[in-house]
Amino acid sequence: MDLNDGLRDSLKAYLGWGKPRLDCFVSMLLALLNARQMNLTLLAVHIDSDTEIASRYRRMQRFFSQVLFDYNDIAHLIMNLFAFSGQDYYLTLDRTNWQWGKSNLNILTLAIVYQGAAIPVYWMVLNKRGNSNQRERIALLQRFISQFGRNHILGVLADREFIGGEWWKWLSSKEIPYLIRIKENQLMTDKHGQEMHVRSLFANLKLGKQRVLRHRREVSGEWVWLSGSKLASGELLIVANNHYTPDPIDTYRLRWEIENLFQCLKGRGFHMEATHFTKPPRIKKMMALLAIGFCWAHKVGEWKEKAVKPLKVKKHGRKEQSVFRYGLDYLTDLLTRSGREALDNLRLVILFLCPPQFMVIEDGRMRFKPFSFNKNSMG
Numbered sequence: 134m135d136l137n138d139g140l141r142d143s144l145k146a147y148l149g150w151g152k153p154r155l156d157c158f159v160s161m162l163l164a165l166l167n168a169r170q171m172n173l174t175l176l177a178v179h180i181d182s183d184t185e186i187a188s189r190y191r192r193m194q195r196f197f198s199q200v201l202f203d204y205n206d207i208a209h210l211i212m213n214l215f216a217f218s219g220q221d222y223y224l225t226l227d228r229t230n231w232q233w234g235k236s237n238l239n240i241l242t243l244a245i246v247y248q249g250a251a252i253p254v255y256w257m258v259l260n261k262r263g264n265s266n267q268r269e270r271i272a273l274l275q276r277f278i279s280q281f282g283r284n285h286i287l288g289v290l291a292d293r294e295f296i297g298g299e300w301w302k303w304l305s306s307k308e309i310p311y312l313i314r315i316k317e318n319q320l321m322t323d324k325h326g327q328e329m330h331v332r333s334l335f336a337n338l339k340l341g342k343q344r345v346l347r348h349r350r351e352v353s354g355e356w357v358w359l360s361g362s363k364l365a366s367g368e369l370l371i372v373a374n375n376h377y378t379p380d381p382i383d384t385y386r387l388r389w390e391i392e393n394l395f396q397c398l399k400g401r402g403f404h405m406e407a408t409h410f411t412k413p414p415r416i417k418k419m420m421a422l423l424a425i426g427f428c429w430a431h432k433v434g435e436w437k438e439k440a441v442k443p444l445k446v447k448k449h450g451r452k453e454q455s456v457f458r459y460g461l462d463y464l465t466d467l468l469t470r471s472g473r474e475a476l477d478n479l480r481l482v483i484l485f486l487c488p489p490q491f492m493v494i495e496d497g498r499m500r501f502k503p504f505s506f507n508k509n510s511m512g
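Dropping the structure here:
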């Protein structure tokens with residue numbers, strides 16, 4: 134089986150492009166896994182083609198400048214890669230940013246918490262420095278809900294940047310739980326109308342200890358439950374949530390998975406800050422390529438852990454390397470190996486298509502349960 138053909142046929146039902154554009158996208162995807170840098174000059178060298186390197190480079194430039202992307206279709210593709218339909222999940226929201234020359238590149242990302250590294254579903258390129266505003270956050274969540282509904286959202290997890298009365302009220306109006314960290318000096322009002330800093334409620338906490346308050350307080354015009362933990366640094370971690378949660382601090386800590394995602398897209402994986410793109414539409418298209426490459430590598434890592442060799446857990450309780458990196462190393466090694474067999478290509482296409490929960494081990498062998506991979510299988 135030819136790997137390029139298998140990937141092209143897999144993507145065709147979702148992306149709606151003709152063969153030349155699908156071939157270009159697949160070529161870039163494979164080159165990205167080889168080069169591990171989101172830089173067109175380097176990708177051009179790694180594309181398997183008889184054409185001149187300069188011609189490959191110009192073809193990629195035309196692709197990013199001319200091809201239209203439907204990001205709802207890409208979101209459906211990513212959701213189906215993991216068969217998230219019917220599952221309950223936490224969403225997490227954060228930004229990643231870097232600077233190229235005088236340009237500030239700033240991407241707001243919505244992702245699904247998943248086994249240590251969040252899966253990116255939607256993203257928005259902010260044509261500015263600094264934080265997102267409340268309207269931008271609402272727009273990103275609205276787009277997700279318009280495609281996948283809100284019934285399976287267990288909650289939205291976000292850091293201190295993502296406070297705001299309008300944003301919080303909108304989440305509550307949609308009956309979406311949130312667990313959002315707030316600043317220590319955030320003002321709150323108790324049921325008697327007394328105003329104070331939230332840190333005063335957790336001033337006597339000892340290092341490593343947590344406290345969940347039984348009564349709600351008013352913060353940014355919303356009545357929320359507050360919980361706090363004193364970190365090893367002495368800093369307070371204070372979380373506000375609009376729905377009662379028995380373990381809010383531990384749940385909030387799942388937010389860290391989006392930081393792991395950004396590390397995979399940057400220095401620990403694809404080095405996306407090596408791009409020379411500065412125009413927001415091209416940055417957004419680049420993110421789609423990176424997201425699909427990330428999903429494939431993560432799924433291959435999950436398969437390798439199940440079927441080949443589990444990752445060792447070190448004394449500090451963490452695995453020796455991330456599942457993403459485990460899969461990426463395997464993909465890069467196999468793609469750069471001469472004499473790759475048709476069976477290897479077939480395995481890679483199946484691992485791209487098959488949701489991880491449909492990979493099962495029976496009698497010491499990996500088997501794949503029947504699954505549907507089409508645009509309408511999200512229900």
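Reminder that position 278 of the sequence shown reads as 411 in this note's numbering, one-by-one numbering, no gaps.
We treat Cβ as the ideally placed atom computed from N, Cα and C, and that holds for glycine.
Would a C-beta distance cut-off of 9 Å place phenylalanine 403 and leucine 165 closer than the cut-off?
Your numbering for residue 403 matches position 270 in the sequence shown. Your numbering for residue 165 matches position 32 in the sequence shown. In contact: phenylalanine 403 and leucine 165 (Cβ atoms closer than 9 Å).
Under the assumption that alanine 291 contacts threonine 225 (Cβ atoms under 8 Å), give the Cβ distance between them as a whole number of angstroms.
Position 158 of the sequence shown holds residue 291. Position 92 of the sequence shown holds residue 225. Right, their Cβ atoms sit about 7 Å apart.
What do you reckon, are the CB atoms on valine 346 and leucine 359 nearer than 9 Å?
For this step, residue 346 is matched to residue 213 along the sequence shown. For this step, residue 359 is matched to residue 226 along the sequence shown. Note on identity: in this sequence residue 346 is leucine, with valine being the wrong assignment. Against a cut-off of 9 Å, the Cβ pair of leucine 359 and leucine 346 comes out as a contact.
Enumerated in chain order, which unbroken segments of the beta strand (DSSP E) with a length of 3 residues or greater are wholly contained in the segment 330–403?
You should have 343–345, 350–352, 355–363 and 369–374.
Output yes or no for whether 9 Å exceeds the beta carbon distance between phenylalanine 457 and glycine 434.
Here residue 457 refers to the residue found at position 324 of the sequence shown. Here residue 434 refers to the residue found at position 301 of the sequence shown. Contact flag set, yes.
Would you mind stating whether tyrosine 204 and arginine 276 have Cβ atoms separated by less than 9 Å?
Taking the sequence shown and counting its residues from 1, the one referred to as residue 204 is at position 71. Taking the sequence shown and counting its residues from 1, the one referred to as residue 276 is at position 143. In contact: tyrosine 204 and arginine 276 (Cβ atoms closer than 9 Å).
For lysine 445, count neighbouring C-beta atoms within 10 Å of its own C-beta (all shown protein chains included) and say buried if the count is 16 or more, exposed if not.
As a working mapping, residue 445 is identified with position 312 in the sequence shown. It is exposed - the Cβ of lysine 445 has fewer than 16 other Cβ atoms within 10 Å.
Taking 8 Å as the threshold, find out whether the segment 382–396 comes into contact with the segment 318–332 through three or more Cβ pairs.
By the criterion of at least three beta-carbon pairs nearer than 8 Å, the segment 382–396 is not in contact with the segment 318–332.
So the candidates are Asp227, Thr384, Glu406 and Pro488; which of them puts its Cα closest to the Cα of isoleucine 296?
The count along the sequence shown starts at 1 and reaches residue 296 at position 163. Looking at the Cα atoms, Asp227 is the closest of the given residues.
For the 8 Å Cβ check, are there 3 or more pairs between the segment 422–436 and the segment 455–472?
Contact between the segment 422–436 and the segment 455–472 is present, because at least three Cβ pairs lie under 8 Å.
Let me know the beta strand (DSSP E) ranges lying completely inside the segment 200–283, each 3 residues or longer, listed in chain order.
List check, beta strand (DSSP E) in window: 222–233, 236–245 and 252–258.
Roughly how many angstroms lie between the CA atoms of threonine 469 and isoleucine 211, to the nearest whole one?
Along the sequence shown, read from residue 1 onward, the residue named residue 469 stands at position 336. Along the sequence shown, read from residue 1 onward, the residue named residue 211 stands at position 78. Their Cα atoms are separated by approximately 25 Å.
Leaving out five residues on either side along the sequence, give the residues of the same chain with a beta carbon under 6 Å from the beta carbon of methionine 134.
The sequence position of residue 134 within the sequence shown is 1, counting from 1. So the qualifying residues of the chain are Ala475, Asn478 and Leu479.
Checking 9 Å against the spacing of the C-beta atoms, do phenylalanine 281 and tyrosine 247 come in under that value?
Taking the first residue of the sequence shown as position 1, residue 281 is located at position 148. Taking the first residue of the sequence shown as position 1, residue 247 is located at position 114. No; because the gap between Cβ atoms is not below 9 Å, this pair is not in contact.
Among Pro381, Asn393 and Gly341, which one has its Cα closest to the Cα of glutamate 368?
Against the sequence shown, residue 368 aligns to sequence position 235. Considering only alpha carbons, the answer is Gly341.
Tell me whether valine 482 sits in a helix, a strand or coil according to DSSP, three-state version.
Taking the sequence shown and counting its residues from 1, the one referred to as residue 482 is at position 349. Valine 482 falls in the helix class under three-state DSSP.
Quick check: the Cα distance between asparagine 264 and isoleucine 483, rounded to an integer number of angstroms?
Translated into the one-based positions of the sequence shown, residue 264 becomes position 131. Translated into the one-based positions of the sequence shown, residue 483 becomes position 350. If I take the Cα positions, the gap works out to 40 Å.
In whole angstroms, give me the CA-to-CA distance for aspartate 181 and cysteine 157.
In the sequence shown, the residue the question calls residue 181 occupies position 48. In the sequence shown, the residue the question calls residue 157 occupies position 24. In a straight line, the C-alpha of aspartate 181 is about 11 Å away from that of cysteine 157.
So, do the segment 255–269 and the segment 185–203 have three or more beta carbon pairs nearer to each other than 8 Å?
By the criterion of at least three beta-carbon pairs nearer than 8 Å, the segment 255–269 is not in contact with the segment 185–203.
Taking the alpha-carbon positions, what's the glutamate 308 to asparagine 375 distance?
The residue labelled residue 308 in the question sits at position 175 within the sequence shown. The residue labelled residue 375 in the question sits at position 242 within the sequence shown. So the two alpha carbons sit approximately 9 Å from each other.
For cysteine 397, count the other beta carbons within 10 Å of its own beta carbon; 16 or more makes it buried, fewer makes it exposed. Which is it?
Locating residue 397 in the sequence shown gives position 264, counting from the first residue. Flag for cysteine 397 reads buried.
For methionine 134, does the three-state DSSP call read helix, strand or coil?
Residue 134 sits at position 1 when you count from the first residue of the sequence shown. Methionine 134 falls in the coil class under three-state DSSP.
With DSSP collapsed to three states, give me the class of isoleucine 494.
Within the sequence shown, the letter at position 361 stands for residue 494. In the structure shown, isoleucine 494 sits in a strand (DSSP, three-state: E or B).
Does the beta-carbon distance from serine 143 to leucine 486 come in below 9 Å?
For this step, residue 143 is matched to residue 10 along the sequence shown. For this step, residue 486 is matched to residue 353 along the sequence shown. Yes, Cβ-Cβ distance for serine 143 and leucine 486 is below 9 Å.
What residues match up with phenylalanine 501 in a beta bridge as DSSP calls it?
Position 368 of the sequence shown, counted from the start, is the residue given in the question as residue 501. DSSP, once it has assigned bridges, lists Met492 as partnering phenylalanine 501.
Across which residues does DSSP place glutamate 328 in a beta bridge pair?
Position 195 of the sequence shown, counting from 1, holds the residue named residue 328. According to DSSP, glutamate 328 bridges with Thr322.
Under the three-state reduction of DSSP, which class applies to glycine 288: helix, strand or coil?
Numbered from its first residue, the sequence shown carries residue 288 at position 155. Here glycine 288 sits in strand by DSSP.
I need the straight-line Cα distance from alanine 146 to isoleucine 207, nearest angstrom please.
Walking along the sequence shown from the start, residue 146 turns up at place 13. Walking along the sequence shown from the start, residue 207 turns up at place 74. Near 11 Å, if we compare the C-alpha coordinates of isoleucine 207 and alanine 146.
Applying the criterion that 16 or more other CB atoms from any shown protein chain within 10 Å of the CB defines a buried residue, is arginine 498 buried or exposed?
The sequence position of residue 498 within the sequence shown is 365, counting from 1. Label assigned to arginine 498: exposed.
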